[in-house]
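Quick note: the sequence shown uses our numbering, first residue 1, plus one each step. Don't be surprised by glycine CBs; every beta carbon is placed ideally from N, CA and C. These figures come from a predicted structure and were not determined experimentally. Let me begin by presenting the structure, written as structure tokens, before commenting on it.
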Amino acid sequence: MNRFRTPVLPIAGGGIRTERDGLRMMFRKSVRSTIFRSHLALIVLMTVIFAVFFYVYTADILRKRAIASLQELASSFSRSIDSEIVKMNNISLNITNSDVLKRDFAEFGKLGGAPESPERNVGKYLTTKRITDLLFTIIGPLKPVPQVNLYDFSGGMVGAGIFSREAALDVRAKEWFPGLDLRYGSKIVTYPREDKLLDETVALYRRRLYLSLCRVFYDSTKTPLGVIEVKQFHDEIFKNFGGAEESCFVFDSSGRQLYPFPAGAAGWDGAFVAGLKPGVPVAAVRPFSREREILVAQEPRQTDWKILVTKKERTLLRPVRDFTLLIALICAITIAAAVWLASRLSLRITAPISELKDALKSLEGEGILRKRDFEIDTSLDELGELQLSFKEMHEKVGDSVRGMLEAKEREMRATFLALQSQMDPHFLFNMLSVLGIMAEEGMDRDITETIGHLTHLLRYSASGSSSFVTLPEELEYTRRYLLCMKTRFREDLRFDISVPSTLEDLVIPKLVIQPLVENCMKHATNREPPWFVGITGSAEHGLWTVSVRDNGPGFDPGSLEAMNRDLSTRGDDGEIMGLGMGGMGLRNIAARLYLHSGEGAFCRVANDEGGGARVTIGGRISHAQTI
């Protein structure tokens with residue numbers, strides 16, 4: 001088949017017809033304008049459909065991931081609070097379970113209510129020391145909390161930590177006392193406050209905020225002995241809070257803000273916060289900033305607090321917005337490219353038709369019997385076939401005058417070219433399938449190498465300058481194909497090519513060895529790897545042979561004889577049976593070998609003794625065929 005050239009057509013008044021004609025064609029009624037509009041509409045429609053689908057799908061994924069990140073952040077803050085509260089609660093429970101501490105604290109209460117005397121003061125001091133020592137033992141050497149206080153109901157207090165002694169403090173005067181459960185002793189966590197006693201004790205802790213975990217503890221008869229207060233720094237409990245783009249707020253059950261404290265008020269209404277369901281994202285406008293935000297609430301297990309993590313919607317959905325702009329840009333570029341492509345396509349189709357029309361007109365003046373070289377500038381197979389049909393018509397009419405022998409020779413030549421042209425789209429289809437599989441597996445580097453091989457293969461198979469090549473050219477083409485397969489199957493595939501140098505000038509029909517290898521890859525891979533493909537050649541007694549074998553399951557033994565008989569059969573008039581355009585494979589290769597080498601050509605199939613299939617082709621050695 002001819003190598004078709006890119007069309008460049010002169011127009012009236014001089015100049016070159018270019019893609020700028022595209023917009024003009026949209027309003028004309030011609031074959032070119034019709035093709036242009038239809039191709040443009042199809043490309044734009046497919047682009048828009050794909051862009052809309054891809055945007056909706058990807059934007060939804062990005063939105064869900066952003067919200068999931070916010071939910072995970074809220075859960076992380078909740079776990080952090082639970083960890084600190086559990087630490088305080090464990091210390092409180094250890095105190096309530098210490099019988100020794102209860103006994104000493106009961107003694108402390110009795111001494112606190114006794115009249116002043118030296119004996120009473122000494123006894124109170126020793127009792128206080130035993131209590132503080134026990135509290136330090138319970139707190140532990142790492143001091144996870146800064147202060148633990150024990151209050152009796154007669155106005156006394158014993159502390160350990162920053163303040164480690166007794167003091168006269170009435171527990172009933174504490175702001176958190178009304179919230180204590182005197183009946184069952186369940187814990188409460190207080191609102192953040194400063195502690196003046198601790199401020200006066202150590203200057204380092206001055207103006208620090210504390211939260212307290214408080215509960216009533218009892219003696220063995222379930223009589224209240226006093227109140228345990230375990231204090232923790234406010235900033236220690238919320239040390240993991242905050243983020244670069246997120247805002248975090250913590251509220252207690254009455255709607256009071258615990259974090260940030262005292263500044264940074266959230267502005268959210270208490271009833272609104274109480275109505276938020278844990279883990280469910282909500283979009284709302286913040287009262288102070290008037291910006292729309294995404295909110296996710298979470299409730300720690302150890303308290304009745306509620307954590308609120310918020311993020312500005314425009315920040316949260318920034319990836320979606322950026323993606324939208326990218327899709328819009330891609331669509332604009334694609335539509336611009338579609339105009340250019342539709343113009344090129346319409347020009348490629350209609351320009352050769354115009355040339356064909358001119359050629360038909362020229363026959364009237366030159367005469368039908370005058371020999372002329374006619375060639376259409378096109379890369380389209382259909383128009384190329386139209387050119388061939390035109391040439392065949394012209395040649396057949398002329399050859400009918402020159403004799404039946406010349407007409408028969410040209411007819412067989414045309415048949416030969418038609419058979420060869422069947423191979424190109426078949427091979428290209430298989431190679432594109434391989435590249436598709438490699439792309440799905442992310443084999444980028446291998447794809448680059450494979451495309452390099454495929455470029456060589458396409459250049460080879462698309463070359464229409466001759467139907468014949470030398471054996472080394474055909475083997476290089478086959479080797480490139482096997483390298484493509486090697487990239488796909490890696491160590492699972494091995495191949496070997498061994499052909500003597502005496503055949504380097506051998507001329508054979510194009511595409512007679514690679515299809516045999518391709519057939520091996522199709523059938524040999526039905527068994528477990530590794531797979532092997534071997535190509536060997538020889539030259540003896542004026543005949544050349546090339547064998548292609550594999551280690552696959554082989555041919556069906558019952559059909560070998562019929563296959564070999566079919567590959568060697570000719571009709572009564574010498575024409576090969578089944579030489580039509582609908583078949584491919586071994587029969588196609590055998591047909592082209594017979595057309596090239598005549599009676600000396602052969603194509604045989606067999607099974608190797610060690611397993612696998614073998615196909616052997618050959619014919620008379622010919623170096624004089626024009627390539």
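- prompt: Can we say the segment 119 to 132 touches the segment 156 to 171, given the rule of at least three CB pairs closer than 8 Å?
  reply: Cβ pair count under 8 Å is three or more, so yes.
- prompt: When the Cα of Q71 is compared with those of E518, T310, R592, which residue comes out closest?
  reply: T310
query: Which residues bound the beta strand (DSSP E) around Y210?
result: 210 to 218
Sequence-distant residues of its chain with Cβ nearer than 8 Å to D181 (five each side left out): I188, R215, V216
Which of helix, strand or coil DSSP assigns to I621: coil
- prompt: Secondary structure at M157, three-state DSSP: helix, strand or coil?
  reply: strand
task: Name, in chain order, the residues that DSSP records as bridge partners for F251.
output: Paired residues: Q257, K306.
message: Excluding the 5 residues flanking K143 on each side, which residues of the same chain have their C-beta closer than 6 Å to its C-beta?
response: Answer for K143: no residue qualifies.
query: Exposed or buried, which one is T137 when buried takes at least 16 other CB atoms within 10 Å?
result: exposed
- request: Please report how far the alpha carbon of A160 lies from the alpha carbon of T132, in whole angstroms.
  value: 5 Å
field: Whole-angstrom distance between W176 and G109, CA atom to CA atom
entry: 21 Å
Endpoints, the alpha helix (DSSP H) within which R527 is located: Unbroken run through R527: none, as it is neither H nor E.
- prompt: Which term fits L475, buried or exposed, when burial requires 16 or more other beta carbons within 10 angstroms of its beta carbon?
  reply: buried
- request: State buried or exposed for S467, treating a residue as buried only when at least 16 other CB atoms are found within 10 Å of its CB.
  value: Within 10 angstroms of the beta-carbon of S467 lie 16 or more other beta-carbons, which makes it buried.
message: So, with DSSP's three-state summary, where would you put W340?
response: helix
message: Measuring alpha carbon to alpha carbon, tell me which residue in R318, L543, G537, S547 is nearest A640.
response: Because the chain spans 1 through 627 in this model, residue 640 falls outside it and cannot be assessed.
- prompt: Among the residues of its own chain, which have a CB less than 6 Å from the CB of T502, if the five just before and after it don't count?
  reply: A539
query: Less than 8 Å separating the beta-carbons of P192 and L169?
result: no
query: So what's D656 in DSSP terms, helix, strand or just coil?
result: Nothing can be reported for residue 656, as the shown portion of the chain is limited to 1 through 627.
message: With distance defined between alpha-carbon atoms, name the residue in A337, K239, L483, F233 nearest to H39.
response: Considering only alpha carbons, the answer is A337.
message: Within 10 Å of its beta-carbon, does W544 have 16 or more other beta-carbons around it, so buried, or fewer, so exposed?
response: That one is buried.
DSSP three-state assignment for F53, whether helix, strand or coil: helix
query: Is it true that the CB of K306 sits closer than 8 Å to the CB of E291?
result: Taking the C-beta atoms as reference points, K306 is found no nearer than 8 Å to E291.
message: With a threshold of 8 Å between beta-carbons, can K124 be considered close to chain D, or not?
response: Of the protein chains in this structure there is only one, and it is not chain D.
message: I need the straight-line Cα distance from D566 to G542, nearest angstrom please.
response: Distance between the alpha carbons of D566 and G542: 25 Å.
query: For I61, is the classification buried or exposed, using 16 other Cβ atoms within 10 angstroms of its Cβ as the cut-off for buried?
result: exposed
task: Could you pull out every residue in the same chain whose Cβ sits closer than 7 Å to the Cβ of G185, ignoring the five residues on either side in sequence?
output: R215, V216, F217, Y218
message: Would the segment 484 to 492 count as touching the segment 520 to 536 if we require 3 or more Cβ pairs under 8 Å?
response: yes
Those residues which DSSP pairs with N149 across a bridge: In DSSP, N149 forms a bridge with G159, E229.
task: Give the DSSP bridge partners of D550, in chain order.
output: Bridge partners of D550: V533.
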